[in-house]
Amino acid sequence: MVNLKINNINVTVTDDITILEAAQQYNINIPTLCYYPDLHINSDCRICVVEIEGYKGLKTACSTPVREGMNILTNTPKILNSRKTITELILSNHDASCTSCIRNMSCELQSLAKNLGININRFENVLEKKEIDDHNPSLVRNANRCIKCGRCIDVCKDVQAMHVLESMGRGHEMEIKPAFGRYLSDEFCTFCGQCANVCPVGAIIEKDNTDIVWEKLYDSNYHVMVQVAPAVRVSIGEEIGLETGLISNGKLVSAIKRLGFNNVYDTDFSADLTIMEEGTELINRIKTGGVLPLLTSCCPGWINLAEQEYPEILPHISSCKSPQQMFGTLAKTYFAEKENMDPKKIYVVSIMPCTAKKYEATRRELRIDNKTPDVDIVLTTRELGKMFRQMGIDFNQIDEVEFDNPFGISTGAAALFGATGGVTEAALRTVYEILNEKPLEDINFTSVRGMKGIKETEIKLGDLNVKVAVSHSLSNARILIEEVIAGTSPYSFIEIMACPGGCIGGGGQPYGTTNEVRLERIASTYLVDGNMVYRKSHENPSIKKLYKDYLIEPNSSMAHHLLHTKYSPKNI
Amino acid sequence: MFLQKILESYPISEDYLLEILLDIDKQKENHYISKEEITLISNHLGIKESHVCSVVSFYTLLSTNPRGKYIIQICKDVPCYLNDDFNVLKTVENELNIRVNDTTRNQKFTLEYTACIGCCDEAPAIRINNITYTNLTKDKVVNIISDYKEGKHD
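Shown next as structure tokens:
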């Protein structure tokens, strides 16, 4: 432990932390801008500078380690002047049209300027307008708003091992962009959206589809239905200013109903269906000596990576469509037939924690009879929050309502899809009981839970001891994939999620998704599971009915036709 | 192919990226790294194109556009700027009849800015390929350029 003084307050902390962390422990606020808790410390922006007695010049609190006896001041006129000048300089090279920016009131630069009391900018704006890249269905990159903090580079390079974005040029001419200034659509970009999630300003944002949805909601030619992904119910609270990890089921459904959707359904239902199909596929591959390990296919960011960079891995990937797409298909076939509706008049909206889902919904392979898309449009958790604000919905003032049927009943297993390891746990609960024809003693697979990068477990299926692995974030995925390609992978089943923490940490989730926040959302996910009546996908009565009435049995030719897809190598 | 030869002369490690790039630049009369070369280098070293582009764009020694045989680089950092009482850039522009970032029609000269070249104590300074010229006056600049024009360095 070391003892120091910050603003004349005695501080005792461990010796392995920075001044910023020490200040945070004592609730002393030092403003930051480029700093992000889980990423590399760049100390680029110099906003967090402090004065240390006996040290020459100002020092960055984010990167300076604490030392015994330090006497630190965090708010002298010299520091304030420096912070103001830096902020004014950033603003002088920034498209500060705040009121027409998606980050208005959630922008870190805007709140910094406000907190520093910047009333006037002494510098003239010298921004040279650059082209906005909105050439893909998922993300929009607006370099005019970029403040060059480098968070997107770090998350893309270090966390996702994609390295699409880099700093190009030097000095004040430096820009952050892909190689040769290409569009994201011309890059090996998976559209995971982690860059958009960590961006402090509006430089990388999701493609906003809320206007299209509003139009459809008031177009009497369409029957507009919506599905809500598992991870959204543990994160929407943050988006509307409520506590982190808040579980909202009934109020979420109620609020979405108020937006005007004809039906509000649960992607958890099709997650259960995914388990039936994927679980059966695993059983068949094990029994018939098929291609193993079987790799999960729920995550469109991961599918993009596989198609772009690992064509040889494609036969390993489950042919199951993702839960989002399975839902869309059923809405336009099973539901349409039951309700005697024209599938073309059914408009399917998804609320997803994910920006890659926007791309997935546009895939040619995922259309009914090669024409009508399974899912018409995808909104992120953040866009749903925007619609609530547009409508003026107050969560505290509304009742709880249940999901509509037939796609409203789900199990705890499906709820787990939101967290890393969840698909594995859900699959094992079902595969074990089907294959071994006896109930599982302990349905909690705690070894695949939590934020460890690669997790594994072993389970006895029939006569075989089967090894299973789970990875989240694409840097970890690459480790497991390369083992499979090298032929050294000891596993029979591998779950891969592109985003850290799984979907609860997706690129479309509320801003400020740090690992600490991810852990809270994960904890809530397991609470949701624990409170469910049914906790195994094969026990879901609606799923049983769906097979009885329509699909016959898992992996039947009908199920194959509707619920499975194929992958092909992609070049840029 | 000459690129293959250069790549093979270094260990396969991103630590050698800058050496490889400088080697290519040196061996090509038009002093630039092409898109195709960037792709080949990134595949060979197992790094992303964005990384190679970032390095090429950081160093004023390197370029992704074809340049002349002689690259005249005018330092634009503060000491050179402050000590420049006759306008080095304009003098060179007039001598060669080109603007900054242009190449002469005969592909002999490219005129560029550079970040500091470490001659602050003898500012203003310019660099032509590997040679630095310091304590410049207008006459000195005119003489230097005419030597190059006359082929004294060829």
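If you read the protein sequences in the order shown, they are chains S and A.
At position 219 of the first sequence the residue is numbered 219 (the working numbering), and the sequence of numbers has no breaks.
At position 68 of the second sequence the residue is numbered 68 (the working numbering), and the sequence of numbers has no breaks.
For each residue, glycine too, the CB sits at the ideal point set by N, CA and C.
Excluding sequence positions up to five before and after ASP44/S, its CB lies within less than 8 Å of the CB of CYS34, LYS148, CYS149, GLY150, all in the same chain and listed in chain order.
Of the candidates MET276/S, PRO353/S, GLU307/S, MET276/S places its Cα closest to the Cα of CYS320/S.
DSSP, reduced to helix, strand and coil, places CYS80/A within a helical segment of the structure shown. Interface residue (Cβ-Cβ distance to chain A less than 8 Å): ALA203/S is not classified as such. Per DSSP, the beta-bridge partners of ARG367/S are PRO373/S. The alpha-carbon of THR210/S is positioned some 38 Å away from that of SER57/A. Identification of residues in the stretch 109–128 of chain A having a C-beta nearer than 8 Å to some C-beta of chain S yields ALA115, given in sequence order. Of the residues assessed, THR14/S falls on the exposed side of the cut-off, its CB having fewer than 16 other CB atoms within 10 angstroms. CYS34/S sits in coil when the DSSP states are folded into three classes, being neither helix nor strand. SER185/S is outside the set of residues whose beta carbon lies under 8 Å from a beta carbon in chain A. When Cβ pairs closer than 8 Å are counted between the two stretches, the stretch 445–455 of chain S is seen to touch the stretch 418–434 of chain S, the count reaching three or more. Excluding the 5 residues flanking it on each side, LEU294/S has same chain C-beta neighbours closer than 6 Å at LEU282, ARG285, SER318, PHE493, in chain order. The Cβ of LYS138/A sits no closer than 8 Å to any Cβ of chain S. Separation of TYR550/S and ILE368/S (C-alpha to C-alpha, rounded to the nearest whole angstrom) is 16 Å. Runs of the beta strand (DSSP E) spanning 3 or more residues and lying entirely within the stretch 405–492 of chain S occur at 454–461, 464–472, in chain order. Neighbours of GLY171/S in chain A, taken as residues whose beta carbon is under 9 Å from its own, are ALA115 in chain order. Around the beta carbon of MET70/S, 16 or more other beta carbons lie within 10 angstroms, which makes this residue buried. A distance below 8 Å separates the beta carbons of VAL349/S and ASP376/S. Within 9 Å of the CB of SER34/A, no CB atom of chain S is found; the nearest one sits about 11 Å away. In this structure, ASP399/S lies away from SER248/S, with their beta-carbon atoms at least 8 Å apart. Among the residues of chain A, those whose CB is under 7 Å from the CB of VAL164/S are SER50, following chain order. Nearest neighbour of LEU39/S by Cα position, chosen from PRO31/S, SER63/S, ARG46/S, turns out to be SER63/S. Under the three-state reduction of DSSP output, ASP121/A falls in the helix class. DSSP places ASP266/S inside the beta strand (DSSP E), whose first and last residues are 263–266.
Under the 10 Å beta carbon count, SER63/A is surrounded by 16 or more other beta carbons and is classified as buried. Between SER57/A and chain S, the shortest Cβ-Cβ separation is below 8 Å. Note on the stretch 31–114 of chain S: whole alpha helix (DSSP H) runs with a minimum of 4 residues are 77–92, in chain order. Flagged as an interface residue toward chain A: PHE180/S, by a C-beta distance shorter than 8 Å. Relative to PHE327/S, the option among ALA559/S, ASN81/S, PRO31/S whose CA is nearest is ALA559/S. In the three-state reduction of the DSSP assignment, MET497/S falls in the strand class.
Shown here for GLY508/S: same chain residues with a beta carbon closer than 7 Å to its own, the five before and five after excluded, namely GLY193, GLU206, MET352, PRO353, CYS354, THR355, THR380, THR381, ARG382 in chain order. Judged by DSSP in its simplified three-state form, LEU111/A adopts strand. Excluding five sequence positions before and after ILE132/S, the CB atoms of its chain that fall closer than 6 Å to its own CB belong to ASN142, given in chain order. Every alpha helix (DSSP H) stretch that sits fully inside the stretch 216–273 of chain S and reaches 4 residues is listed by chain position as 236–239, 250–259. Boundaries of the beta strand (DSSP E) around SER350/S: 346–352. Within chain A, not a single residue places a beta-carbon under 8 Å from that of SER322/S; the smallest gap is close to 27 Å.
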